[in-house]
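Chains as they are written, first to last, in this note's numbering: chain A, 7 to 479; chain B, 40 to 373.
Glycine residues also receive a C-beta, built at the ideal position from the N, C-alpha and C atoms.
These notes are about the structure you will find just below.
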């Protein structure tokens, strides 16, 4: 048996660590915005249910955010350890984008996170709300820059290549707003919102199944279902536009996603099948005639290119792309379905009173994470065999690697991630299993940090906290 | 006249690394001292003194890594493979200590597991950082535009020694931080520990400094050629003065001065390293200008940094201000 090549191990390590990582930001982007909305509603209406729900989720946010930070630090160093040639060549273009992410997003989030988690009693409501907003804005800035960098690797623009072989920017505007970036940004931010929405909805539904009068659970469920009703259809449209953009710039990726090996006019839509790279055909295909051309070219007889148009060594992995794409799309439509179902019951006034819907919502709780992972696998493996699409091959990007060293670090990462993040998920599930109460407690470590002499009078009258309309004493 | 962007960025990256070393240094130090603390209440107090700010502190590490990638991509591409194992170990250790901040409060049964995770993670991350520093000081062989050495080059008696030194140094920062932020028994213990970590740090600074001089004749020349020597000699003199300030501060039971003196020691050591290294970013062969990205990359990021860095310093300062004052021992976890 041949030992795996160092580069395959390095790819496996990157795929493993980035897959673990993306789950946390996908959740924290959405949750930060949700918390900002909840706190804003509390300040505006003064109703305690918003504060209680805020406090319930902020405890979960703290854990998720911590896991995102530590898994993210790994990413910022892995470019250098395993992909040093890539780092040297793309550093002048991608480096500043990541630099802007750190400066505009990470510091903003980290700087205000402490105030958001522990500072309610120290700074008063308005400043605390400002901190919550800054954390939410920080997560969105972070998404902006990292997706810009990722999109540039997919659809590079605004660059030239210098004497030592590095990519250098000619036009920063073109680099940042490269052709696929706007589509990817919208698609991912909506995905983060939906992911959070469905998890919040599942938690709400879980508690409604036990007690359908719980006001916090009703609020969570209602808001989440509204998110599903409104955002899931928008996401389908955004995803379609993103797909058409991919067709324009990375047609081989689309060919693999659709399981097309042969180029033909009036191509069918292959619903299911088993793409076989060796035979260069999709076996057992269940097809709808002409629909593939209609979707991709908006014409029944439009030409859709197949993988055979490209040299064999430039093909991405068709079976994986074909299936991960279908998983993502399938979940997307299931989300739309749940949204419409909930809308129907909402109009009939039975939103909190339909066990079947509640059970379905619980079942769909993790669906956003699966869709996000499936979507990222599709787009990232679809970029292969390149790191910078069409310009820098993955095989030419790696460090001068030593297989045993990469294998060792991969094994360590695998064990540690499963143990540490497994424990984290366990604690998260336990937090979500707790019933959201009226008068929900603040962050558990909030108490001890308070020091004598700086405690605002507010916190001495905890019963007054729920009435933000009154002037602060 | 044109700006020397590479030099400006070398200064900014150096600032980010120094900020990281000082800020995460004291909260890693608190983790290193964790096993010495008696009783859960003491450990709770110690951890709470850094809980609201550790995250921001660690962001400077991301800026160090991300910034190096952005403005000195060649240095990043050479140093990271050279330090593959210490960096990987540091990252893993930081995971263990980072999650402990949250997980520790989520369980009663397994709290001890996350105590160990926090302490061992802090210790290991520090040790790995010290080893990485030592490996950088002793020099990294370069072939073409890549690392040219072996996978175990980083492991030498010198790098192990710098690893131990950094552990003691961070423990000094941690103990003086606790002096400043706590009271009662935790503070009294921190005073006792600070004597040992202070003396240890001073001794180790001396040994590492002398050892460094003999690693590379260039380092010797940086310090002992005239008239340079007259200027650089001020660094060791200031180290002695700062050490005196530290010990007088401890003796007089001052609360702020020990911590500020410990920071002073780190700043001076960092300045000393700068004197030895300059103009190299990867000693002994790659200079700041060779490693720098093209000027338009440096200028593009500098525009943002010149606005955002001052803002970051402002709101980081604000966050420290919000959580100022003593962390009380009596107000336990509830």
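- Counting only residues of its own chain and dropping the five nearest sequence neighbours on each side, residue 298 (chain B) has a CB closer than 6 Å to the CB of 215, 216 and 219.
- At a cut-off of 4 residues, the continuous stretches assigned as alpha helix (DSSP H) that sit fully inside the stretch 248 to 331 of chain A are 257 to 264 and 297 to 303.
- Under DSSP, residue 82 (chain B) takes part in no beta bridge, so it has no partner.
- Counting only residues of its own chain and dropping the five nearest sequence neighbours on each side, residue 92 (chain A) has a CB closer than 6 Å to the CB of 393 and 403.
- Here the alpha carbons of residue 322 (chain B) and residue 31 (chain A) stand approximately 37 Å from one another.
- Contact annotation: residue 127 (chain B) and residue 172 (chain B) have beta-carbon atoms that are not nearer than 7 Å.
- Put simply, of B:343, B:211, B:61 and B:145 the residue whose alpha carbon is nearest the alpha carbon of residue 69 (chain A) is B:145.
- When secondary structure is reduced to three states using DSSP, residue 320 (chain B) falls in the strand class.
- Across the structure, residue 415 (chain A) and residue 103 (chain B) are spaced so that their CA atoms are roughly 22 Å apart.
- Residue-level contact check: residue 31 (chain A) does not touch chain B, since none of the beta carbons of chain B fall below 7 Å from its beta carbon.
- Judged by DSSP secondary structure, residue 166 (chain A) falls within the beta strand (DSSP E) whose first and last residues are 165 to 167.
- By the criterion of at least three beta-carbon pairs nearer than 8 Å, the stretch 183 to 200 of chain B is not in contact with the stretch 128 to 136 of chain B.
- Runs of the beta strand (DSSP E) lying entirely within the stretch 87 to 115 of chain B, each at least 3 residues long, are absent.
- The stretch 282 to 300 of chain A makes no contact with the stretch 196 to 214 of chain A; the number of CB pairs closer than 8 Å stays below 3.
- With a cut-off of 8 Å on Cβ pairs, the stretch 61 to 75 of chain B is in contact with the stretch 205 to 215 of chain B, counting three or more such pairs.
- Under the Cβ distance rule, residue 339 (chain A) does not count among the residues neighbouring chain B, no pair being separated by less than 7 Å.
- For chain B, the residues of the stretch 414 to 430 of chain A that bring a beta carbon within less than 7 Å of one of its beta carbons are 415, 418, 422, 426, 429 and 430, in chain order.
- For residue 399 (chain A), the pairing in a beta bridge is given by DSSP as A:392.
- For residue 252 (chain B), not one C-beta of chain A is nearer than 7 Å to its own C-beta.
- Under the three-state reduction of DSSP output, residue 175 (chain A) falls in the strand class.
- Here the alpha carbon of residue 129 (chain A) sits roughly 21 Å from the alpha carbon of residue 84 (chain B).
- Remark: C-beta atoms of residue 204 (chain A) and residue 371 (chain A) approach each other more closely than 7 Å.
- In the structure shown, residue 139 (chain B) falls within a helical segment according to DSSP collapsed to helix, strand and coil.
- For residue 324 (chain A) and residue 266 (chain A), the gap between their C-alpha atoms comes out near 9 Å.
- Between residue 302 (chain A) and residue 290 (chain A), the C-beta gap is not smaller than 7 Å, which leaves the two residues out of contact.
- Residues of the same chain with a CB within less than 7 Å of the CB of residue 295 (chain B), apart from the 5 flanking positions on each side, are 219 in chain order.
- The CB of residue 25 (chain A) never comes closer than 8 Å to any CB in chain B; the least such distance is about 16 Å.
- DSSP places residue 14 (chain A) in the uninterrupted alpha helix (DSSP H) bounded by 12 to 51.
- From the listed residues A:345, A:35 and A:300, the smallest Cα separation to residue 145 (chain A) is found for A:35.
- For residue 141 (chain B), the closest Cβ of chain A is nearer than 7 Å.
- The three-state secondary structure of residue 210 (chain B), taken from DSSP, is helix.
- CA-CA distance, residue 162 (chain A) to residue 184 (chain A), rounds to 7 Å.
- A distance below 7 Å between beta-carbons, with the five flanking residues on each side excluded, links residue 349 (chain A) to the following residues of its chain, in chain order: 235.
- In summary, residue 190 (chain A) is buried, with 16 or more beta-carbon neighbours lying within 10 Å of its beta-carbon over all protein chains present.
- Per DSSP, reduced to three states, the secondary structure at residue 366 (chain B) is coil, with no helix or strand assignment.
- For residue 361 (chain A), the enclosing alpha helix (DSSP H) has its first and last residue at 361 to 369.
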